[in-house]
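Worksheet: the structure to be examined is printed underneath.
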Amino acid sequence: MAQLWGGRFTGNIDQLAWDFNASISFDKRLLEVDIRGSKAHVTMLATCGIINEEERDAILEGLDSIMKDVDNGALVITSEYEDVHSFVEANLIKRIGDAGKKMHTGRSRNDQVALDMRLYTRDKVKETADILIHMLSVLLELQKEHIETYMPGFTHLQKAQPVTLAHHLGAYVEMFKRDHGRMLDILERMNYCPIGSGALAGTTYPLDRDMTASLMDFKGPTLNSMDTVSDRDYLIEYLSALSIMQMHLSRFAEEVIIWNSNEYQFVTIDDAYSTGSSIMPQKKNPDIAELVRGKTGRIYGDLMSLLTTMKGIPLAYDKDMQEDKEAAFDAMDNAIGCLTLFADMLRTMVFNKDVMEKSAMRGFTNATDAADYLVVKGVPFRDAHSVIGRIVLYCIDKNCAIDELTIEELKGFDEHFDSDVFDAISLATCVQKRLTIGAPGPDAMKKVIKINEDYITQYR
Ligand code: ARG
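Counting in the numbering used here, the sequence shown runs from 30 upward without gaps.
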């Protein structure tokens with residue numbers, strides 16, 4: 030047990046209590062940001078005359094050598110240390126002696142861990158935003174290919190009106206664009222530097238907090254030291270945004286699973302994103318999509334866990350907050366993993382255009398348009414609705430589509446039908462007539478795709 034705080038103690042800590050208290054098994058992933066933060070802190074200490082330049086240089090070199098040795102395996106992070114901060118400081122002192130004992134001047138582990146988590150999370154928020162842009166670019170490419178791929182649009186999972194695949198995918202473009210916007214909002218609000226807040230009440234050293242903030246690309250220092258050491262709002266915001274993003278992925282996964290089913294066959298998932306069965310030789314299962322849907326629960330759970338951990342914490346730092354890490358890391362790892370895999374699965378998926386189109390034709394998705402046709406010919410809408418309803422019943426009986434009936438059959442239902450009806454209710458016409466922005470008509474669709482392409486080029 031290599032602890033930083035032995036001086037005040039006469040007895041030893043119980044082994045179980047030590048293990049219970051330690052966080053090194055999961056906070057070791059903060060090593061890189063811990064070292065980044067310490068380098069900025071000691072650079073500032075030297076500039077402010079709190080340590081001298083030789084001490085600074087020795088510390089900077091020592092920190093770099095620790096990072097390098099952990100990377101190349103010469104130094105191993107073991108459970109002998111309480112947390113990553115103790116690991117770094119103990120090893121620094123081992124390597125450079127007394128100068129190493131000055132690194133922690135004007136700092137507490139409370140503002141140090143607040144800084145580490147913020148740096149680590151800031152990188153992850155940026156990474157999530159970048160992968161969202163990649164996801165959007167995959168979707169925009171698919172949209173451009175499928176502006177005239179007709180498919181049924183659904184409500185209640187019942188065929189409703191014809192849309193295009195570009196239009197359906199466009200719904201997810203809007204969702205992921207909002208997710209991207211949320212990442213940018215979080216970055217904006219979280220980008221203030223915690224270090225210099227001390228344990229809770231600042232320090233008595235003449236620290237230059239503006240300097241440490243700017244060394245690590247923060248907009249400035251945080252403004253209340255008690256809030257700073259006990260603030261995990263940015264993590265809660267990030268996990269909230271990830272939960273919403275994951276909800277979108279889960280809905281999309283659900284649709285891909287339905288589309289890939291033997292009954293629908295709208296898509297064929299690539300072998301690279303499918304698995305087989307140990308007993309049923311014919312099976313090719315959409316396990317990746319199912320796991321994306323499945324992992325949504327644990328990500329919501331991570332958010333709930335963090336919210337619940339924070340709800341009763343009196344100011345300022347309390348050890349409860351160490352529980353932020355496993356939940357936050359679990360949510361980031363899983364959500365980023367799902368997003369990355371899903372984009373690749375979409376990119377390699379085959380869309381069976383003919384099946385989609387046939388499904389739109391055979392599902393009476395042009396029934397509203399057929400009613401509208403009669404309205405244009407002077408039939409009141411409610412009467413037209415009822416005429417088409419009876420025609421649909423007749424077609425179900427004959428197992429055919431409305432536009433497969435003869436003009437004589439149609440006239441038997443209502444004399445207003447003319448031979449121009451077939452063109453008026455074809456899939457292409459039904460879609461093309463929907464030309465307001467946001468609708469599936471090809472011209473409207475092209476305008477929207479352009480707007481979204483302009484959006485992603487800002488961030489590439
Ligand atoms: N491992 C701790 C955490 O994750 C670091 C801060 C410890 N501070 C303290 N006063 N015990 O929160």
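We put the CB at the ideal spot given by N, CA and C, even for glycine.
Residue environment analysis places I466 among the exposed positions, since fewer than 16 neighbouring C-beta atoms fall within 10 angstroms of its C-beta. Counting along the chain, the unbroken alpha helix (DSSP H) around G418 starts and ends at 410–427. Residue pairing from DSSP places Q190 in a beta bridge opposite G182.
D449 sits exposed, since fewer than 16 C-beta atoms from the chains shown fall within 10 Å of its C-beta. In the structure shown, the three-state DSSP call for P250 is strand. For N101, the enclosing alpha helix (DSSP H) stretches over residues 82–101. Comparing alpha carbon positions, the residue from P191, Y110, E283, I176 closest to G182 is P191. Using a 10 angstroms sphere on the CB of F247, the tally of other CB atoms reaches 16 or more, which defines it as buried. Annotated three-state conformation of T397 is helix, per DSSP.
No heavy atom of the ligand ARG is found nearer than 8 Å to the CB of Q275. Here I365 is not near I162, since their CB atoms are 9 Å or more apart.
Take the alpha-carbon of H133 and the one of N220: they are about 23 Å apart. The DSSP-derived three-state label of A31 is strand. Secondary structure of N314 (DSSP, three-state): strand. Y201 is positioned such that its CB atom lies closer than 9 Å to that of H277. DSSP places C77 in the coil class of the three-state scheme, outside both helix and strand. Judged by DSSP secondary structure, R124 falls within the alpha helix (DSSP H) whose first and last residues are 113–125. Comparing C-alpha distances from L45 to each of E111, R327, L104, G102 shows the shortest one belongs to E111. With contact defined as three or more Cβ pairs closer than 8 Å, the segment 328–348 and the segment 295–304 are not in contact. Distance from R218 to Y149 at the Cβ level is roughly 17 Å; contact not present, criterion being Cβ atoms closer than 8 Å. Using a Cβ distance threshold of 9 Å, H209 and L165 count as a contacting pair.
As computed with DSSP, T304 is found in a beta bridge with N314. With 16 or more other Cβ atoms inside 10 Å of its own Cβ, S254 counts as buried. In this structure, DSSP gives F358 a helical state, which the three-state scheme calls helix.
Not one heavy atom of the ligand ARG lies closer than 8 Å to the C-beta of H133. Around S279, the same chain offers V321, R322, T325 as residues with beta carbons nearer than 7 Å, after the five sequence neighbours per side are excluded.
For the pair V416 and L403, the CB atoms are nearer than the 9 Å cut-off.
Between M474 and I176 a beta carbon distance of about 5 Å is seen, short of the 8 Å cut, so the two are scored as contacting. Shown here for V105: same chain residues with a beta carbon closer than 8 Å to its own, the five before and five after excluded, namely V99 in chain order. Out of T369, P250, N291, the CA that lies nearest to the CA of F205 is found in T369. Per DSSP, the continuous alpha helix (DSSP H) segment holding Y267 begins and ends at 262–288. Here T251 is buried, its C-beta having at least 16 other C-beta atoms within 10 Å. In chain order, V460, Q461, K462, R463, L464 place their CB closer than 8 Å to the CB of G470, counting only its own chain and leaving out the 5 sequence neighbours on each side. In terms of CA proximity to T178, L194 leads the group T184, L194, E170, L171. Assignment of V379 by DSSP, reduced to helix, strand and coil, places it in the strand class.
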